[in-house]
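Colleague: If you're matching positions, the sequence shown starts at 0 in numbering that gives the first Met the number 0 and goes up one per residue.
The beta carbon of each residue, even a glycine, is placed where N, CA and C say it ideally should be.
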Amino acid sequence: MDFGLVLQTDPPASRVISLMKRAERNGFTHGWTFDSAVLWQEPFVVYSQILANTTTLRVGPMVTNPGTRTWEVTASTFATLNDMYGNRTVCGIGRGDSAMRVAGRRPNTLARLGEAIDAIRDLAEGREAEVDGQRMRLPWVRDGRLPVWMAAYGPKALALTGRKADGFILQLADPFLTEWMVKAVRNAAAEAGRDPDAITVCVAAPAYVGDDLAHAREQCRWFGGMVGNHVADLVARYGEHSGMVPEALTEYIKGREGYDYSHHGRAGNPSTDFVPDEIVDRFCLLGPPEAHIEKLRALRDLGVDQFAVYDMHDAQESTIDAYGAEIIPALGD
């Protein structure tokens, strides 16, 4: 199993770079950041410095979207980083939550997202693609490689992931829901004539190593609120008891009363009071190293290839170090 580190690009960028260097030293293979240009600093500028200060770490957004940048700009940015540092980027992409809503726009449609996945990958790898009716190619790209991993929860998004994406990003670490969603992605891939086992599965969630579970829960409760935004969209689209989305995912948002993006992805987020302890425990990895190892082995058995640690809490360095010292080595067996 591979391991990734997920951060927000809060200033100073030097701290983000330092934590990514620490992650690589501890055996992490991927470095991810949020991508929301109003809430945080521009990630692609920071990626250049992360890549320059590491040797093997692969970097990318978790996740970008097809609305805040034109597709040829996104592809050219990835291709430039790859040309400079040797094909060490991954494009995580989704419909757009905070990046679009904070700017007063609606998340992108799945149809547009599917077109963008093909176009961005083709352009970044040197092939011709169509963008808004215009055929184009980046003539300077040589031997480019850009895996595109899609973030998804709902049935239509999971199906699109299976048909189009090189990888699947699932932002929660509940084994029951992971099994349900990975199966949906792989079934869609098989129906599209693709090799379902060729799709990389990445589970991303907060991890907090320590014995004080009450404190760990409070530091990670924000995550249930972030996931709740996407769940609320699914309920609005499919209905609460449609059978299209597991009730294990939708039940907890009944107490949700709006969401303040100024606290998005941050410990102490006041918009997440509705998230019960049970959901924090199910969606996140909390407790001593042994508890993390047990849950990660269960996820690996379900086909998860990478666990990406959301490290937005008050124990960033110690979490990275604990994973490097005890947890990552245990998952190498």
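Kindly list the residues whose CB is nearer than 6 Å to the CB of Ala-118, restricted to its own chain and excluding five residues on each side of it in sequence; keep chain order.
Modeller: As a working mapping, residue 118 is identified with position 119 in the sequence shown. These residues qualify, in order along the chain: Trp-70, Ala-128, Val-130.
Colleague: Could you work out which residue in Ser-47, Asn-186, Lys-182 is closest to Ser-13 when comparing CA atoms only?
Modeller: The residue you call residue 13 lines up with position 14 of the sequence shown. Among Ser-47, Asn-186, Lys-182, the Cα nearest to that of Ser-13 belongs to Ser-47.
Colleague: Measure the beta-carbon distance from Val-147 to Ile-198 and round it to whole angstroms, keeping in mind my assumption that it falls under 8 Å.
Modeller: Start at 1 with the first residue of the sequence shown, and residue 147 comes out as number 148. Start at 1 with the first residue of the sequence shown, and residue 198 comes out as number 199. With a Cβ gap of about 11 Å, Val-147 and Ile-198 do not count as contacting.
Colleague: With a threshold of 7 Å on Cβ separation, who are the neighbours of Gln-315 within its own chain once the five nearest residues in sequence on each side are excluded?
Modeller: Position 316 of the sequence shown holds residue 315. Correct list, in chain order: Leu-18.
Colleague: What distance in whole Å lies between the Cβ atoms of Asp-34 and Thr-63, which are believed to be in contact at a cut-off of 8 Å?
Modeller: As a position in the sequence shown, residue 63 is number 64, starting the count at 1. As a position in the sequence shown, residue 34 is number 35, starting the count at 1. Indeed, because the Cβ distance is near 4 Å, the residues count as touching under 8 Å.
Colleague: Once DSSP output is grouped into helix, strand and coil, what is the label at Met-179?
Modeller: Taking the sequence shown and counting its residues from 1, one reaches residue 179 at position 180. Checking the sequence, you will find Trp at residue 179 rather than Met. The answer is helix: DSSP assigns Trp-179 an H, G or I state.
Colleague: Once DSSP output is grouped into helix, strand and coil, what is the label at Tyr-322?
Modeller: Within the sequence shown, numbered from 1, the residue matching residue 322 stands at position 323. Three-state result, Tyr-322: helix.
Colleague: Are the CB atoms of Met-61 and Ala-150 nearer to each other than 9 Å?
Modeller: Position 62 of the sequence shown, counted from the first residue, corresponds to residue 61. Position 151 of the sequence shown, counted from the first residue, corresponds to residue 150. Contact flag set, yes.
Colleague: At the level of alpha carbons, what is the spacing between Val-72 and Pro-287?
Modeller: Walking along the sequence shown from the start, residue 72 turns up at place 73. Walking along the sequence shown from the start, residue 287 turns up at place 288. Taking the straight line from one Cα to the other gives about 43 Å.
Colleague: Look at Val-202 and Ala-102 and say whether their C-beta atoms are less than 9 Å apart.
Modeller: Counting from one through the sequence shown, the residue named residue 202 turns up at place 203. Counting from one through the sequence shown, the residue named residue 102 turns up at place 103. Not in contact: Val-202 and Ala-102 (Cβ atoms no closer than 9 Å).
Colleague: Contact between the segment 277 to 286 and the segment 214 to 225 is defined here as three or more beta-carbon pairs at a separation below 8 Å; is this criterion met?
Modeller: Counting Cβ pairs under 8 Å, three or more are found: they touch.
Colleague: Does the distance from the C-beta atom of Thr-66 to that of Thr-28 stay below 9 Å?
Modeller: Position 67 of the sequence shown, counted from the start, is the residue given in the question as residue 66. Position 29 of the sequence shown, counted from the start, is the residue given in the question as residue 28. Sequence check: residue 66 is Gly here, not Thr. Result no, Cβ atoms of Gly-66 and Thr-28 do not sit closer than 9 Å.
Colleague: Starting from Leu-212, trace the alpha helix (DSSP H) in both directions and tell me its first and last residue.
Modeller: Here residue 212 corresponds to residue number 213 of the sequence shown, with the count starting at 1. 212 to 219 is the extent of the alpha helix (DSSP H) around Leu-212.
Colleague: Throw me the rounded Cβ distance for the Leu-330 and Met-0 pair, which I believe falls under 8 Å.
Modeller: Your numbering for residue 330 matches position 331 in the sequence shown. Your numbering for residue 0 matches position 1 in the sequence shown. Their Cβ separation, rounded to whole angstroms, is 5 Å, which keeps Leu-330 and Met-0 in contact under 8 Å.
Colleague: Please report the straight-line C-alpha distance between Leu-137 and Val-303, rounded to a whole angstrom.
Modeller: Translated into the one-based positions of the sequence shown, residue 137 becomes position 138. Translated into the one-based positions of the sequence shown, residue 303 becomes position 304. Roughly 34 Å between the two C-alpha positions.
Colleague: In chain order, what residues of the same chain have a beta carbon less than 8 Å from the beta carbon of Arg-126, not counting five sequence neighbours either side?
Modeller: By one-based count along the sequence shown, residue 126 stands at place 127. The answer, listed in chain order, is Arg-136.
Colleague: Relative to the C-alpha of Glu-250, which candidate in Leu-233, Arg-265, Gln-7, Gly-264 has its C-alpha closest?
Modeller: The sequence position of residue 250 within the sequence shown is 251, counting from 1. The residue with the shortest Cα to Cα distance from Glu-250 is Leu-233.
Colleague: May I ask you to list the residues that DSSP assigns as paired with Trp-148?
Modeller: Position 149 of the sequence shown, counting from 1, holds the residue named residue 148. Answer is Gly-91, Gly-166.
Colleague: In its own chain, which residues sit with a C-beta less than 6 Å from the C-beta of Arg-220, not counting the 5 before and 5 after it?
Modeller: Along the sequence shown, read from residue 1 onward, the residue named residue 220 stands at position 221. Cβ neighbours of Arg-220 beyond the five flanking positions: Thr-271, Val-274, Val-279.
Colleague: Just to confirm my understanding: we take Pro-106, look at its own chain, exclude 5 residues before and 5 after, and list those with CB closer than 6 Å. What are they?
Modeller: As a first step, residue 106 must be located in the sequence shown, where it is residue number 107. Arg-94, Gly-95, Met-99, listed in sequence order.
Colleague: Which stretch, first to last residue, makes up the beta strand (DSSP E) that contains Pro-205?
Modeller: Residue numbering aside, residue 205 sits at position 206 when the sequence shown is read from its first letter. Taken as a continuous stretch (DSSP letters only), the beta strand (DSSP E) holding Pro-205 covers 199 to 208.
Colleague: Mapping the DSSP letters down to three states, classify Asp-9 as helix, strand or coil.
Modeller: Counting from 1 along the sequence shown, the entry for residue 9 is found at position 10. Correct three-state label for Asp-9: coil.
Colleague: Pull up the DSSP beta-bridge partners for Thr-32, would you.
Modeller: Counting from 1 along the sequence shown, the entry for residue 32 is found at position 33. According to DSSP, Thr-32 bridges with Leu-6, Pro-60.
Colleague: Just to confirm my understanding: we take Glu-325, look at its own chain, exclude 5 residues before and 5 after, and list those with CB closer than 6 Å. What are they?
Modeller: Here residue 325 corresponds to residue number 326 of the sequence shown, with the count starting at 1. If we look at Glu-325 and ignore the five residues flanking it on each side, its Cβ neighbours are Pro-288.
Colleague: Among Leu-38, Leu-301, Val-230, Arg-104, which one has its Cα closest to the Cα of Pro-154?
Modeller: Start at 1 with the first residue of the sequence shown, and residue 154 comes out as number 155. Answer by Cα proximity: Val-230.
Colleague: Quick one: measure Cβ to Cβ for Leu-171 and Val-226, integer angstroms, because I've assumed they're closer than 8 Å.
Modeller: Along the sequence shown, one-based indexing puts residue 171 at 172. Along the sequence shown, one-based indexing puts residue 226 at 227. Yes, they are in contact, since the Cβ atoms of Leu-171 and Val-226 sit about 6 Å apart, within 8 Å.
Colleague: Within the same chain, show all residues whose beta-carbon is closer than 6 Å to that of Glu-23, passing over the 5 residues directly before and after it, in chain order.
Modeller: As a working mapping, residue 23 is identified with position 24 in the sequence shown. Around Glu-23: Thr-53, Leu-56.
Colleague: Output the boundary residues of the beta strand (DSSP E) element that contains Ala-128.
Modeller: Start at 1 with the first residue of the sequence shown, and residue 128 comes out as number 129. Start and end: 128 to 130.
Colleague: Could you tell me which residues DSSP puts in a beta bridge with Leu-233?
Modeller: Sequence index remark: in the sequence shown, residue 233 carries index 234 (1-based). Paired residues: none, contrary to the question.
Colleague: Tell me the residue span of the beta strand (DSSP E) that contains Ala-307.
Modeller: Within the sequence shown, the letter at position 308 stands for residue 307. Per DSSP, Ala-307 belongs to the beta strand (DSSP E) from 305 to 309.
Colleague: Measure the C-alpha to C-alpha separation of Asp-121 and Asp-211 and round it to an integer number of angstroms.
Modeller: The count along the sequence shown starts at 1 and reaches residue 121 at position 122. The count along the sequence shown starts at 1 and reaches residue 211 at position 212. So the alpha carbons of these two residues sit roughly 48 Å apart.
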